[in-house]
Every structure is written in structure tokens, then in C-alpha cells.
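First to last, the sequence lines map onto chains A and B. One point on numbering: in my numbering, the residue at position 415 of the first sequence is 415, and numbering is uninterrupted. One point on numbering: in my numbering, the residue at position 188 of the second sequence is 624, and numbering is uninterrupted. Here the structure is laid out as C-alpha cells; the discussion comes afterwards.
Number of protein chains: 2
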Amino acid sequence: MQKPAIPKGTRDFSQIEMARRNYIFSTIRDVFALYGFAQIETPAMELMSTLMGKYGEEGDKLLFRIQNSGEKANEAPEKGLRYDLTVPFARYVVQHRDTIQFPFKRYQIQPVWRADRPQKGRYREFYQCDVDVVGTDSLLAEVELIQIVEEVYRRLGINVCLHLNNRKVLAGIAEVIGAPDKMIDITVAIDKLDKIGVDKVNDELRERGLSAEAVEALQPILNLSGDNISKLQSLRTILAGSEIGLKGVAELEEVFNKLSIVDCRLSVELDLCLARGLNYYTGAIFEVKALDVQMGSITGGGRYDNLTGIFGMPDVSGVGISFGADRIYDVLTELDLYPAELQSTTQVLFACFGEDELNFAAQCATTLRAQGIRVEVYPEAVKMKRQMAYADAKHIPYVAIIGSNELAEQKLMLKNMITGEQQLVSLQQLSEMLQA
Amino acid sequence: MQKPAIPKGTRDFSQIEMARRNYIFSTIRDVFALYGFAQIETPAMELMSTLMGKYGEEGDKLLFRIQNSGEKANEAPEKGLRYDLTVPFARYVVQHRDTIQFPFKRYQIQPVWRADRPQKGRYREFYQCDVDVVGTDSLLAEVELIQIVEEVYRRLGINVCLHLNNRKVLAGIAEVIGAPDKMIDITVAIDKLDKIGVDKVNDELRERGLSAEAVEALQPILNLSGDNISKLQSLRTILAGSEIGLKGVAELEEVFNKLSIVDCRLSVELDLCLARGLNYYTGAIFEVKALDVQMGSITGGGRYDNLTGIFGMPDVSGVGISFGADRIYDVLTELDLYPAELQSTTQVLFACFGEDELNFAAQCATTLRAQGIRVEVYPEAVKMKRQMAYADAKHIPYVAIIGSNELAEQKLMLKNMITGEQQLVSLQQLSEMLQA
Numbered sequence: 001m002q003k004p005a006i007p008k009g010t011r012d013f014s015q016i017e018m019a020r021r022n023y024i025f026s027t028i029r030d031v032f033a034l035y036g037f038a039q040i041e042t043p044a045m046e047l048m049s050t051l052m053g054k055y056g057e058e059g060d061k062l063l064f065r066i067q068n069s070g071e072k073a074n075e076a077p078e079k080g081l082r083y084d085l086t087v088p089f090a091r092y093v094v095q096h097r098d099t100i101q102f103p104f105k106r107y108q109i110q111p112v113w114r115a116d117r118p119q120k121g122r123y124r125e126f127y128q129c130d131v132d133v134v135g136t137d138s139l140l141a142e143v144e145l146i147q148i149v150e151e152v153y154r155r156l157g158i159n160v161c162l163h164l165n166n167r168k169v170l171a172g173i174a175e176v177i178g179a180p181d182k183m184i185d186i187t188v189a190i191d192k193l194d195k196i197g198v199d200k201v202n203d204e205l206r207e208r209g210l211s212a213e214a215v216e217a218l219q220p221i222l223n224l225s226g227d228n229i230s231k232l233q234s235l236r237t238i239l240a241g242s243e244i245g246l247k248g249v250a251e252l253e254e255v256f257n258k259l260s261i262v263d264c265r266l267s268v269e270l271d272l273c274l275a276r277g278l279n280y281y282t283g284a285i286f287e288v289k290a291l292d293v294q295m296g297s298i299t300g301g302g303r304y305d306n307l308t309g310i311f312g313m314p315d316v317s318g319v320g321i322s323f324g325a326d327r328i329y330d331v332l333t334e335l336d337l338y339p340a341e342l343q344s345t346t347q348v349l350f351a352c353f354g355e356d357e358l359n360f361a362a363q364c365a366t367t368l369r370a371q372g373i374r375v376e377v378y379p380e381a382v383k384m385k386r387q388m389a390y391a392d393a394k395h396i397p398y399v400a401i402i403g404s405n406e407l408a409e410q411k412l413m414l415k416n417m418i419t420g421e422q423q424l425v426s427l428q429q430l431s432e433m434l435q436a
Numbered sequence: 437m438q439k440p441a442i443p444k445g446t447r448d449f450s451q452i453e454m455a456r457r458n459y460i461f462s463t464i465r466d467v468f469a470l471y472g473f474a475q476i477e478t479p480a481m482e483l484m485s486t487l488m489g490k491y492g493e494e495g496d497k498l499l500f501r502i503q504n505s506g507e508k509a510n511e512a513p514e515k516g517l518r519y520d521l522t523v524p525f526a527r528y529v530v531q532h533r534d535t536i537q538f539p540f541k542r543y544q545i546q547p548v549w550r551a552d553r554p555q556k557g558r559y560r561e562f563y564q565c566d567v568d569v570v571g572t573d574s575l576l577a578e579v580e581l582i583q584i585v586e587e588v589y590r591r592l593g594i595n596v597c598l599h600l601n602n603r604k605v606l607a608g609i610a611e612v613i614g615a616p617d618k619m620i621d622i623t624v625a626i627d628k629l630d631k632i633g634v635d636k637v638n639d640e641l642r643e644r645g646l647s648a649e650a651v652e653a654l655q656p657i658l659n660l661s662g663d664n665i666s667k668l669q670s671l672r673t674i675l676a677g678s679e680i681g682l683k684g685v686a687e688l689e690e691v692f693n694k695l696s697i698v699d700c701r702l703s704v705e706l707d708l709c710l711a712r713g714l715n716y717y718t719g720a721i722f723e724v725k726a727l728d729v730q731m732g733s734i735t736g737g738g739r740y741d742n743l744t745g746i747f748g749m750p751d752v753s754g755v756g757i758s759f760g761a762d763r764i765y766d767v768l769t770e771l772d773l774y775p776a777e778l779q780s781t782t783q784v785l786f787a788c789f790g791e792d793e794l795n796f797a798a799q800c801a802t803t804l805r806a807q808g809i810r811v812e813v814y815p816e817a818v819k820m821k822r823q824m825a826y827a828d829a830k831h832i833p834y835v836a837i838i839g840s841n842e843l844a845e846q847k848l849m850l851k852n853m854i855t856g857e858q859q860l861v862s863l864q865q866l867s868e869m870l871q872a
């Protein structure tokens, strides 16, 4: 018989993996709730007409299609698996526009599927965790998302830096150096400044078609230094001739100003090289990196002015970020930051020598559970060694052993699985210990 | 442009629907955790070789197949969407047998997909919520599952009755009336006793090929009455000649005995007509019905002796139940049993008359959130009517209004959205109110 397996690029999640993933998701959810974001879910399948053409030619090829079955297979519309949470969200907003309250603050935590070639850290099924506000262009939305980033990573214990950029500033730079159509080329090139140095960046800029004058005009921007405030002051001077550029500077200033008003302690760095999502972001662009571990972006997002235009509903501005659950998982693992309690949720295992003892254990367990204590009863009176091995493997911290003496006394021999100590206790004493 | 839509038989879940679903799932999860069950997840896609032939000919037709894409599409193994959680669980147990601790207590809450014709209450994507213990034949497992049913429905506030049967008793009945190959026919016929009466049941039994003697011999069983204990006593006499029948009676007696030892208050009724899952259950059979509403079974399950045999791992006995989330949702809706808090998680909305007021609101919100209070700030200083309408539509119970007077005094005009009362309060006072 064939050994059972799962499709390439997919994963089973074991109990400990689920405990860790649930810890990440529930931390994130709790913070979302503090800001009034509420959860929605959309179906795994969307119509192909909803998905096609939204992710570029490459993306279209990576969509998983579902075969229609049944008699009318040929007449049924084509369906495919969700590729991200953004397009289904846009479809949701348009479809339910009449019942949605705007500004609409929603989050969504669901798997997505991509027929990518599987490799280390890249899966064909993975979870996304998106939080967005749509229907307002207030910069308070950006500020609250940054506060959410601060609080999520504070709770998870990960030191992070948030990189902040603004598409309008980039457009302004391209404009003032006389290369308004080269914004993306410029950003992609200066993104490499740290790695390849200013001379090679200039070479690349020229290769990408910038004139010598434009490259020259860009130098003050490449040399910007100092803190966020002084960078913004310099930018204000440099971009004096660009309306859109000044608008971007003003937006950044307002975000920094509001962050200071709400006493945000997160490290936020103005980063003109941040080139993420330039094809669709129209204002703020965010990216979050962990400071104590080598890992790409663990959270990112930005403002978009036209989420729902593709579905015929124009002028819906929004801003959102996405938490990368798989990478956060890896960061927490690498830094060993998971709470010890995740190892086991069970607080005590009852281990018994016989049937009468088992019945007494079931009574004790019922009493403890009514007090909210998480209890297992090893269901068979097998050798004590095997029952102990079960507790050990499951990292259960206490075993309450019941033999004939304990049964006669209506007491429990309680073994601390870490220290090995044993003591005879009453059920009442055990309950007090575990609730303490 | 085409109106956006989703595939037939699938659903979007709005914020309030998600809040209700999450309430059901988190109630169930909390109870599972008290008994030491831990969560696993499996991929949405399984290999077709894992799925095919496991659900009968009809089931095979209802599997959603995924088209392979990419260059090597023809070489890649065929994949399909998960049809239930049982087959993936069996596959999981065999695949991970070396790292699993037995008895293995797991639960799984995930969507499944079936290409059924959509109709009222029947969807092509729906969640299942399965909890199983495998690797033990201890009847304590049955008892704990019944206790879980008791506690879940006590917490949800739904009055239920659990119907209990045992496949071995049914086999024994068929044996003693001389029709050992007619067990399923007999059960299906007597399942109609309440609806069609004893004469028509006897007609049907004869039509199904039972001899007159067999039908005659069955009459004492059709006439069984009294409480569970007296029914079991009668059965013990009737089944005296059947080894398997007596084994079934002994199992039922032990389950009832243990339920009484742990002081289970759930209404549990011995129901010989319960015919659920006779093709695979080998011992206990459970079904739970809501008492105060017309609805089919809302939870069901049983014991199986050979979960993993299909994947080459014999003799793994287990017992499990499945909570029907969609039906529980409908019962709670019909009986209006959802906690009022689910309407809104946000406790207070800040509504402002200007930019300075908005900044003050953002500060107040930050302070309250640090205390665990769930706060929204309406992000724009639009007309107060619109801000109030937002709070109203989202069922937010309090609105803290900030105009120039409140800003000058650093206070808030707090409006109770239910009574309409307004009072000027300090942030400290608001915090105390909301935490009380």
C-alpha cells in the first residue's frame, strides 16, 4: 500500500504548530479588536472572472482552477481558488456596499493558494492576515495601523523597525529631477544604495535612461541624512517645485506628528528607498522588519486610492497592512519567544492503577474542569510507565496518580514532572495549586 | 460591468455572522481544551488517491478536482478539495504515526467542499468541527465526549437530548431473531416507529424480507419501554443468546454507569432506532437534538474500530463526534440566544468636530486601549449626524463627543446610545465606567 502523503507545497499542522499559530493569530486579533476592526470571511473559491487579470500575466498562470463536475459542467461558470485576500475583499466591498458601514474596518485571516514552484519558505497554501480601512482618506487610519504594528510586536516580544515611504514623494522626486516617467526606475535603483554604493546606483540610473542632469539633480536626495524631521525639512526644500511632492511631504509630516501626539514608541524610519507595491499604492507605504534576526519584511502595506474600481465602484480610498504569519512564526521560533504554556494546555493528567481508581479519577477530573482547569484522564489502567511517558511527551506538568491506597484515602499522589517531587494531596489542594 | 458575485453554494460571512460563528467555535474550543483535546489542521487539497473510493460512488462524484497547471501538469498527481475531516484525519494519523502520542486526542475545525446541488441549508463550502480520540477502546472516551456535549450546550444555552445506541446491540437483535444479515433493514424500519406506528413497521419489515417468525420475535423489542435502566434489563434477557448483543448491552451499561459516577446531568436516552453511520460505526452511536426547535441532528458520531485501515494501519480504534456549526448557528438564531455583546465589540466611539479635537481623541483612545478597552475614533470631522449614524449602525453603546468646549476642558461629552442621556465626563471617569 502507498505511503500516505499530501500535495507538494502544502502542510499538515501538528498540535504544537497549531498552538503557536493560534498564539500569533489571537495576539493579532486581540489588537485588531482594540481598534474596532471586525472579521469577515470569503469563500475559498471565487469565480474565475473575479480573479483573472488582477495579478498580471504571471499571476493568472499561478491560479488554481477547479474543475466543474456534474451534468451541467459545461454551463457552470469557471471557478478558482483565492490567490490573495485583496481581490476578494474588493469584490466583497462592492457586492455588499449597501449594507457596509463606511469607513469599513475589516480584517481577514484565511489561507490563499498559488501554483508556485514550492521551495523553502514558499508554499502553495499559506495564510494571509490582512487588516484594512476603506472609505476614508484620513491619515489617522495610517497612524492607527502603525499603532497596531507597535502593539502586536510589543505583545509578541519582537523588536521591529517600521520603514515608511510615500508614493507622492517619489513622484515628486521624479518630477523635480525632470524624469516624471522614471519614478519606479529611480526607486528600484536607489533601493540598492546600501548594498552597492552611490557610484553604482548612479551607473544603474543612467542605464535605466536617466539623463546626466537628472542623475546630478538626484544627488542631494541620495545624500539625505539625519533624523526623520530633518530629512523631511530637506525634502520640503528639494521638492518645492512639485505640488504632488509637497503633498507627500505634508502627509508624512502629519503622520509623524500624530504618532508623536499619541506617544508612539515604535521605531519608525522615513525610507525613500522603500519600493514595495509601487504599482498600486498611492500614498503611504509601510514595511516592517525584525531587528534581531535576518528575515525579509514581516508586515507590509500602504494606501491605495482605487481598491474597488476593477469592480465598477470608483473612488474608494483605503489603507491596509498584511501580517506575514509564516515569517512571524519563523522569527518567534528563531528567537525562542513562544510562551512556555504553549507546550501543553493540559494542566494535570490522572494516571490510575485500576477500574475503580479510573472512576474516582473521572469524578476528580469533572470537579476540576468545572473550575476551568484543563485535565486529562489516561483512559486505561495500563502500566504506570506508559502513562508517565504520555504525560512527558505531551509536556503535562503534573500527574495525579491513583492507586488503591490513594483511592482508600480519597487522595492523589501528585508528581511534579519537572522536579520529580511527589506529595499526597487532596483534590481541594490540587485545585488550589493549579488555580494559583 | 458585471455585478460581482460568488460561486453558487458558497457564502461570504459578514462581521456579525463572523462574530456569531466565532462565538460558537470558541465555546466549543474552550470545552475541548478542558478535556485535553488539541487542534490540528490539514491542507485544503489532498491527493485524489487519498480521497477516491472513500465516500462511495456518489461521494466520488461530489469531489471538487483541482486542475494541474504549469509545464509538468500531466506528470503532477491529481488533487482535490477535502470532502470531510475524517479521511484527512485518518491519513494524518498514518503519516505521522511515529510522532503522535496515543491515545491521540485531536480536534479539527476547517471547511470542506462538496459539489452537491446547492439548496436551502446545503452549501458547497461549509465548516466541520470534529473531535476524536483514537488509539484506545476505553469507554471513558465515550463518556468524556458526552460530557463535552453537555458542557458545550450548557454554555450555549441550548436544551438538548443525546440519543445513544450501540451497533453491537443491533447486531445482537438481528442475530436472536434469526436474521443476522438484516441488521440495517431492521434498524431503518424501526427508525420509523414514531411516525408510522407498529403495524406499518411490521409491514415494512416483511417487505424487506424478514420472515414472519423474525418479525414476531422482534415485537418485544418494539415494545420496550421505561427508562434506560429497565430497557437495558429487558435487552439483557432478550439478547441472552447473542454474545455480541450482550457485549453491546454491557458497553451501554458501563457508559450509563460512568455518566452517573461523574454526575452527568445531560438527558441521555437509549434509542435503538438510531441508525446513523451504521456502515462504519462498530460500538456507540450518538446523535444530539435540540429540544426547543425543529432541527435535525446538531451533533453526532460514534465509535469505529478501523479508522486507518484504508491507509494500511490496522486496529486503530477510536470514537468521535462532529458538531454541526451551521445548524447550531441556526438554532441560536431561532432561539435568539446570542449574547448581546456580539453585536459590537467596540465599546466607545470618539466623534470630533475638528482636527485638534481629533488629535485629542486619538490620545484618549490610546490611553483607553492600553487599558484593554476597545475604542474607535471616527477618522474625519464630518457632520455629527453621520458620526452618530455610524455608531448606531455598528451598535456601539457609547459615543464620546469632543467639540471646542470639551477640548478646552479636556473632557468628553458622553452619550449613551441606548438611553440618549449625555453627561460631561473626564477620561478617567469614562475608563472606570467601561471597565466596570
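The beta-carbon is built from N, C-alpha and C at its ideal position, and this holds for glycine as well. Predicted model, so just to flag it, every value in this text is computed and none were measured.
Which residues in chain B sit within 8 Å of residue i, going by Cβ to Cβ distance?
i: A/Asn-359; result: Lys-694, Ile-697
i: A/Thr-187; result: Within 8 Å Cβ-Cβ: nothing; A/Thr-187 doesn't reach chain B, min ~28 Å.
State the Cα-Cα distance for the pair residue i and residue j, rounded to the nearest angstrom.
i: B/Ala-836; j: B/Arg-560; result: 44 Å
i: A/Leu-164; j: B/Ala-798; result: 20 Å
i: A/Arg-167; j: A/Leu-193; result: 19 Å
i: B/Glu-812; j: B/Arg-465; result: 29 Å
i: A/Thr-50; j: A/Met-313; result: 14 Å
i: A/Gln-39; j: B/Gln-451; result: 5 Å
i: B/Ile-545; j: A/Gly-245; result: 50 Å
i: B/Asp-639; j: B/Val-605; result: 23 Å
i: A/Val-293; j: A/Glu-269; result: 18 Å
i: A/Val-160; j: A/Leu-140; result: 21 Å
i: A/Pro-4; j: A/Met-45; result: 26 Å
i: B/Ala-625; j: A/Phe-102; result: 57 Å
i: A/Phe-104; j: B/Lys-830; result: 11 Å
On the three-state DSSP scale, how would you describe residue i?
i: A/Met-52; result: coil
i: B/Cys-788; result: strand
i: A/Lys-461; result: Outside the modelled stretch of chain A, which goes from 1 to 436, sits residue 461 of chain A, for which no answer is possible.
i: A/Tyr-107; result: strand
i: B/Asn-638; result: helix
i: B/Glu-812; result: strand
i: B/Lys-618; result: helix
Cβ closer than 9 Å: which chain B residues qualify as neighbours of residue i?
i: A/Met-18; result: Ala-474, Gln-475, Ile-476, Glu-477
i: A/Glu-125; result: Pro-479, Ala-480, Met-481
i: A/Ser-69; result: Lys-497, Leu-498, Leu-499, Phe-500, Arg-501, Ala-551
Going by alpha carbons, who is nearest to residue i out of the options?
i: A/Cys-273; options: A/Phe-286, A/Tyr-280, A/Cys-264, A/Phe-360; result: A/Phe-286
i: A/Ser-267; options: A/Gly-283, A/Leu-291, A/Ala-250, A/Val-249; result: A/Leu-291
i: A/Leu-156; options: A/Asn-22, A/Val-201, A/Gln-233; result: A/Asn-22
i: A/Ala-381; options: B/Val-523, B/Thr-572, B/Arg-518; result: B/Thr-572
i: B/Gln-779; options: B/Asp-741, B/Thr-803, B/Phe-747, B/Asp-828; result: B/Asp-828
i: B/Gln-503; options: A/Gly-59, A/Glu-58, A/Glu-78; result: A/Glu-78
i: A/Phe-32; options: A/Arg-82, A/Val-215, A/Asp-132; result: A/Asp-132
Output, in chain order, the set of chain A residues within a Cβ distance shorter than 8 Å of residue i.
i: B/Leu-469; result: Reading the sequence as shown, one finds Ala at residue 469 of chain B and not Leu. Neighbours of B/Ala-469 on chain A, chain order: Thr-345, Arg-374.
i: B/Asp-448; result: Ile-40, Glu-41, Thr-42, Pro-43, Tyr-92, Gln-95, His-96
i: B/Thr-522; result: Within 8 Å Cβ-Cβ: nothing; B/Thr-522 doesn't reach chain A, min ~14 Å.
For a contact meaning CB atoms closer than 7 Å, what does residue i contact in chain B?
i: A/Arg-91; result: Pro-440
i: A/Tyr-497; result: In this structure chain A extends from 1 to 436, so residue 497 of chain A is not present and cannot be described.
i: A/Gln-119; result: In chain order: nothing, as chain B lies at least about 14 Å away.
At 7 Å on the CB atoms, spell out the chain A contacts of residue i, in chain order.
i: B/Leu-390; result: An answer regarding residue 390 of chain B cannot be provided, because it is not within the stretch 437 to 872 covered by chain B.
i: B/Val-548; result: The contacting residues do not exist; B/Val-548 stays about 10 Å from chain A at best.
Sequence ranges, beta strand (DSSP E) only - wholly within the segment 127-172 of chain A, length at least 3: Counting only runs of 3 or more residues that sit fully inside the segment 127-172 of chain A, the beta strand (DSSP E) segments are 160-166, in chain order.
May I have a chain-ordered list of the beta strand (DSSP E) segments no shorter than 3 residues that lie completely inside the segment 676-746 of chain B? If only complete runs of 3 or more residues are kept, the segment 676-746 of chain B shows the beta strand (DSSP E) at 703-706, 720-726, 735-740, in order along the chain.
Ordered list of beta strand (DSSP E) runs contained in the segment 467-539 of chain B, each at least 3 residues: The beta strand (DSSP E) runs of length 3 or more contained entirely in the segment 467-539 of chain B are, from start to end of the chain, 481-483, 515-517.
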